[in-house]
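Engineer:
Residue numbers (the working numbering): 1189 to 1435.
Right, dumping it as structure tokens:
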């Protein structure tokens, strides 16, 4: 079983609940892709950009939370709970929540949320290390179809995120360009994960002539390209920024 479906013969309420969660997950992911693309295209800081960003945040929150909570209840081909997918959902949830909080929080301030986010990242990094050790100790060297390297990547990402959060807390918050950059890369990274999950992981729902096409890599990596572009633009001197606006 690798999709959210109630077993045959289950009570009607269990089947309805599974169908509702599956619908919310798919609808959230679809809305997030559209809202994220619109937010990237609109002028940053505008009211429409803020509205698209709000829709993206809410949709991603629903999609990632459902994926993180439900994945361990599903079974990967080797017969293991889908811990790797749950880690991906947890990391996406963390990115979009902290990215949203960055611009909602008054510049140069921190609060309980930032402390909770750092603890969340530390706990997730520890769990990822545990899964990596478990995968390495198995005869086939995998857990739920992934080797220790895959879990190690998530451990490193969560550990890096925790260090960045602790640094922000120690400095009393972020403001100015660092604040914008923190918001930008976290939201774009979440959008990249969502786009990659759809264009790489859901090819079975696409027409046959599209499946396996290298063009499916364009949307996810376009998000990364735009993220790099805006991060570089933020760091440009004001004079070069004025020149870039005239181009």
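C-beta: ideal position from N, C-alpha, C; glycine also.
Predicted model, so just to flag it, every value in this text is computed and none were measured.
Residue ranges of each beta strand (DSSP E) run of no fewer than 3 residues wholly in the region 1242-1305, ordered along the chain?
Structural biologist: Taking 3 residues as the shortest admissible run, the region 1242-1305 contains no complete beta strand (DSSP E) segment at all.
Engineer: Quick one: what's residue 1352 bridged to in DSSP?
Structural biologist: Looking up residue 1352 in the chain shown gives position 164. None, per the DSSP bridge assignment.
Engineer: Excluding sequence positions up to five away, which residues of its chain have a Cβ less than 6 Å from the Cβ of residue 1354?
Structural biologist: If you number the chain shown from 1, residue 1354 lands on position 166. Within the same chain, residue 1354 has close Cβ partners 1306.
Engineer: Would the beta-carbon of residue 1357 fall within 7 Å of that of residue 1298?
Structural biologist: Here the question's residue 1357 lines up with position 169 in the chain shown. Here the question's residue 1298 lines up with position 110 in the chain shown. It is a contact, given that the beta carbons lie within the stated cut-off.
Engineer: For residue 1451, which three-state DSSP category applies?
Structural biologist: The displayed coordinates of the chain run from 1189 to 1435. Any statement about residue 1451 would go beyond what the structure contains.
Engineer: For residue 1405, does the count of other Cβ atoms within 10 angstroms reach 16, so buried, or fall short, so exposed?
Structural biologist: Counted from its first residue, the chain shown places residue 1405 at position 217. The residue in question, residue 1405, is exposed, as its Cβ has fewer than 16 Cβ neighbours within 10 Å.
Engineer: Reducing DSSP to helix, strand and coil, say where residue 1218 ends up.
Structural biologist: Start at 1 with the first residue of the chain shown, and residue 1218 comes out as number 30. Correct three-state label for residue 1218: helix.
Engineer: Should residue 1310 and residue 1350 be called a contact, given that it needs their Cβ atoms to be closer than 7 Å?
Structural biologist: Residue 1310 sits at position 122 when you count from the first residue of the chain shown. Residue 1350 sits at position 162 when you count from the first residue of the chain shown. In this structure, residue 1350 lies closer than 7 Å to residue 1310 by Cβ.
Engineer: Helix, strand or coil for residue 1397? Go by DSSP, reduced to three states.
Structural biologist: The residue given as residue 1397 occupies position 209 in the chain shown. Coil, per DSSP.
Engineer: Give the range of the alpha helix (DSSP H) segment to which residue 1234 is assigned.
Structural biologist: As a first step, residue 1234 must be located in the chain shown, where it is residue number 46. First-last for residue 1234: undefined, no H or E at that position.
Engineer: Are the CB atoms of residue 1227 and residue 1241 nearer to each other than 7 Å?
Structural biologist: Position 39 of the chain shown, counted from the first residue, corresponds to residue 1227. Position 53 of the chain shown, counted from the first residue, corresponds to residue 1241. A contact, by the Cβ cut-off of 7 Å.
Engineer: Quick one: is residue 1401 buried, meaning 16 or more other Cβ sit within 10 Å of its Cβ, or exposed?
Structural biologist: Within the chain shown, numbered from 1, the residue matching residue 1401 stands at position 213. Result: exposed.
Engineer: What's the call for residue 1234, buried or exposed, on a 16-neighbour Cβ count within 10 Å?
Structural biologist: Here the question's residue 1234 lines up with position 46 in the chain shown. The residue is exposed, with fewer than 16 neighbouring Cβ atoms inside 10 Å.
Engineer: List the endpoints of the continuous alpha helix (DSSP H) containing residue 1377.
Structural biologist: In the chain shown, counting from the first residue as 1, residue 1377 sits at position 189. Counting along the chain, the alpha helix (DSSP H) containing residue 1377 begins and ends at 1364-1387.
Engineer: Run through DSSP, which three-state label would residue 1432 get?
Structural biologist: Working through the chain shown from its first residue, we reach residue 1432 at position 244. Legend: pLDDT at residue 1432 = 41, less than 50; position of this residue unreliable, value from coordinates given subsequently. Helix at residue 1432.
Engineer: Check each candidate in 1419, 1370, 1396 and name the one with the smallest Cα separation from residue 1290.
Structural biologist: Translated into the one-based positions of the chain shown, residue 1290 becomes position 102. With distances taken between Cα atoms, residue 1290 lies closest to 1370.
Engineer: Classify residue 1277 as buried or exposed, calling it buried when 16 or more other Cβ atoms lie within 10 Å of its own Cβ.
Structural biologist: Numbered from 1 along the chain shown, position 89 holds the residue referred to as residue 1277. Burial call: buried.
Engineer: So is residue 1281 buried or exposed if we call it buried at 16+ other beta carbons inside 10 Å?
Structural biologist: Sequence index remark: in the chain shown, residue 1281 carries index 93 (1-based). Result: buried.
Engineer: Is it buried or exposed, residue 1244, if we count other Cβ atoms within 10 angstroms and call 16 or more buried?
Structural biologist: As a first step, residue 1244 is located in the chain shown; it is residue number 56 there, counting from the start. Label assigned to residue 1244: buried.
Engineer: Run through DSSP, which three-state label would residue 1199 get?
Structural biologist: Your numbering for residue 1199 matches position 11 in the chain shown. Note: residue 1199 maps to coil in three-state DSSP.
Engineer: Which class does residue 1340 belong to by DSSP, given the choice of helix, strand or coil?
Structural biologist: In the chain shown, residue 1340 corresponds to position 152, counting from 1. Helix at residue 1340.
Engineer: Let me know if residue 1331 comes out buried or exposed under the rule of 16 or more other beta-carbons within 10 Å of its beta-carbon.
Structural biologist: Position 143 of the chain shown, counting from 1, holds the residue named residue 1331. The residue is buried, with at least 16 neighbouring Cβ atoms inside 10 Å.
Engineer: To which residues of the same chain is residue 1419 closer than 7 Å at the C-beta, ignoring the five residues directly before and after it?
Structural biologist: Residue 1419 sits at position 231 when you count from the first residue of the chain shown. For residue 1419, where only same-chain residues beyond five positions count, the Cβ hits under 7 Å are 1369, 1372, 1373.
Engineer: Can you tell me which of 1342, 1383, 1407 puts its alpha carbon nearest to the alpha carbon of residue 1313?
Structural biologist: Walking along the chain shown from the start, residue 1313 turns up at place 125. Nearest to residue 1313 by C-alpha distance, out of 1342, 1383, 1407, is 1342.
Engineer: What do you get for residue 1336, buried or exposed, if any count of 16 or more other CB atoms within 10 angstroms of its CB means buried?
Structural biologist: Along the chain shown, one-based indexing puts residue 1336 at 148. With 16 or more Cβ atoms within 10 Å of its Cβ, residue 1336 is classed as buried.
Engineer: Beta-carbon within less than 7 Å of residue 1415's beta-carbon, same chain only, minus the 5 sequence neighbours each way: which residues are those?
Structural biologist: Mapped onto the chain shown, residue 1415 falls at position 227. 1372, 1373, 1376, listed in sequence order.
Engineer: If you reduce the DSSP assignment to three classes, tell me which class residue 1318 lands in.
Structural biologist: Here residue 1318 is taken as the residue at index 130 of the chain shown, counted from 1. It is helical.
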